[in-house]
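In my numbering, the protein residues as written are 1118 to 1441. Here a beta-carbon is modelled for each residue, glycine too, at the ideal position from N, C-alpha and C.
Here it is as structure tokens:
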């Protein structure tokens, strides 16, 4: 089904049928296929023809660039709230628990023949881990850093135990999520990433003012009757969405980097918080696009290349500020 076919079918259906789940799924799938084939492929093919960079016309490279474009937006968008609240390790914690989610999905497939998409397993476990961290902080004597450490190590321990229970049989499937992969990003992965990216952007847009208020003055937010617990829960869940969406390119080990490094890079350059937010997204996009390009040209790991470019940008900015 093409995007045009989907829109035509949408206009022809009775209003009551628009809520049929199968039709909704098919419509979204058709629109996304049209977007990949017409918009993405058309733009990249035109750029490839103009610049002579033929690799831009390869479908897997187009999917990789579209993926890092989304990650470059949602990473700094959510990471800015984490960095300014000294919660930078939240991303790393949820990444390691998302690894456990991947292991759970592969374990169920290997032992019970129960097919669960690894990214869905990662998302469910990461969201649960985010809620567990909040419960530990609010209802136990554990400080936030101790709660993060417990959940991080617990998630990684669960993943390693599940690998051992299968005699290492699922370790091959897990490796691509640990370190990321440029060539194995599928259309389904990109579709899930774009969907989760839209959820993150809408979530931040709707709750921007409460998120900002709690980030810079949680005490005053409570006094103003802002539901701080709900805001913190939302931030944790949005972080889980970002982490899982970036796993296929960045890998679990490096996925937290684009939550933190672009934000820290531009922290002294913005005239306001919103200005710094836009600069962080710009820095994230530069790191993602340059990293993927270098990974293809020199046969490097995509996640590692992106992180090193991001760190190089941070160093360059710091040197420039000191020189000025």
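For residue i, which residues of its own chain have a beta-carbon under 7 Å away from its beta-carbon, when the five flanking residues on both sides are left out?
| i | result |
| --- | --- |
| residue 1384 | 1393 |
| residue 1391 | none |
| residue 1359 | 1191, 1192, 1195, 1317, 1376 |
| residue 1241 | 1218 |
| residue 1199 | 1205, 1207, 1208, 1356, 1376 |
| residue 1428 | 1378 |
| residue 1225 | 1231, 1233 |
| residue 1115 | Here the chain has residues from 1118 to 1441 only, and residue 1115 is not among them. |
Could you tell me how far apart the beta carbons of residue i and residue j are, in whole angstroms, since I believe they sit closer than 8 Å?
| i | j | result |
| --- | --- | --- |
| residue 1345 | residue 1335 | 6 Å |
| residue 1272 | residue 1217 | 4 Å |
| residue 1380 | residue 1397 | 5 Å |
| residue 1220 | residue 1310 | Incorrect: roughly 20 Å between the Cβ atoms, too far for contact. |
| residue 1234 | residue 1223 | Rounded, the Cβ-Cβ distance is 10 Å, inconsistent with contact. |
| residue 1192 | residue 1376 | 5 Å |
| residue 1364 | residue 1215 | 6 Å |
| residue 1185 | residue 1173 | Not quite, the Cβ-Cβ distance comes to about 14 Å (not below 8 Å), so this is no contact. |
| residue 1299 | residue 1201 | The Cβ separation is near 32 Å, so there is no contact. |
| residue 1253 | residue 1264 | 4 Å |
Which residue from the options puts its Cα closest to that of residue i?
| i | options | result |
| --- | --- | --- |
| residue 1340 | 1232, 1352, 1237, 1327 | 1327 |
| residue 1183 | 1425, 1259, 1366, 1292 | 1366 |
| residue 1374 | 1188, 1235, 1242 | 1188 |
| residue 1430 | 1378, 1419, 1389 | 1378 |
| residue 1356 | 1231, 1160, 1239 | 1239 |
| residue 1343 | 1353, 1329, 1354 | 1329 |
| residue 1438 | 1387, 1417, 1304, 1299 | 1387 |
| residue 1248 | 1400, 1440, 1424, 1347 | 1347 |
| residue 1269 | 1186, 1262, 1323, 1213 | 1213 |
| residue 1354 | 1314, 1410, 1389 | 1314 |
| residue 1197 | 1159, 1177, 1389 | 1389 |
| residue 1362 | 1225, 1423, 1402, 1294 | 1294 |
| residue 1211 | 1417, 1352, 1400 | 1352 |
| residue 1411 | 1402, 1401, 1423, 1257 | 1423 |
| residue 1400 | 1432, 1159, 1256 | 1432 |
| residue 1175 | 1168, 1161, 1167 | 1161 |
| residue 1237 | 1167, 1312, 1277, 1177 | 1312 |
Between residue i and the rest of its own chain, which residues show a CB-CB distance below 6 Å, the 5 nearest in sequence each way excluded?
| i | result |
| --- | --- |
| residue 1426 | 1404, 1407, 1408 |
| residue 1180 | 1302, 1307 |
| residue 1434 | 1382 |
| residue 1297 | 1366, 1367, 1368, 1419, 1420 |
| residue 1259 | 1253 |
| residue 1305 | none |
| residue 1261 | 1254 |
| residue 1141 | Confidence is the limiting factor: at residue 1141 the pLDDT is only 47, short of 50, which leaves the residue's position unreliable and the question unanswerable from this model. |
| residue 1415 | none |
| residue 1177 | 1300 |
Which residues in the same chain as residue i place their Cβ atom closer than 8 Å to its Cβ, once the five residues preceding and following it in sequence are excluded?
| i | result |
| --- | --- |
| residue 1349 | 1251, 1331 |
| residue 1171 | 1165 |
| residue 1417 | 1411 |
Cβ of residue i versus every heavy atom of the ligand MG: is any distance shorter than 7 Å?
| i | result |
| --- | --- |
| residue 1395 | For the ligand MG, the structure offers nothing, since it holds no ligand at all. |
Report the residue ranges of all beta strand (DSSP E) runs contained in full by the region 1213–1276; include only those spanning at least 3 residues, in chain order.
Restricting attention to beta strand (DSSP E) runs no shorter than 3 residues, the region 1213–1276 encloses none.
Whole beta strand (DSSP E) runs in the region 1389–1423 with 3 or more residues, listed along the chain?
Listed in chain order, there is nothing to give.
Every unbroken alpha helix (DSSP H) inside the region 1154–1191 [4 residues or more]:
Segments of the alpha helix (DSSP H) lying fully in the region 1154–1191: 1158–1168.
List, from N- to C-terminal side, the alpha helix (DSSP H) runs of 4 residues or more that fit wholly inside the region 1311–1363.
Secondary structure within the region 1311–1363: the alpha helix (DSSP H) runs of 4 or more consecutive residues, fully enclosed, are 1325–1333, 1335–1340 (chain order).
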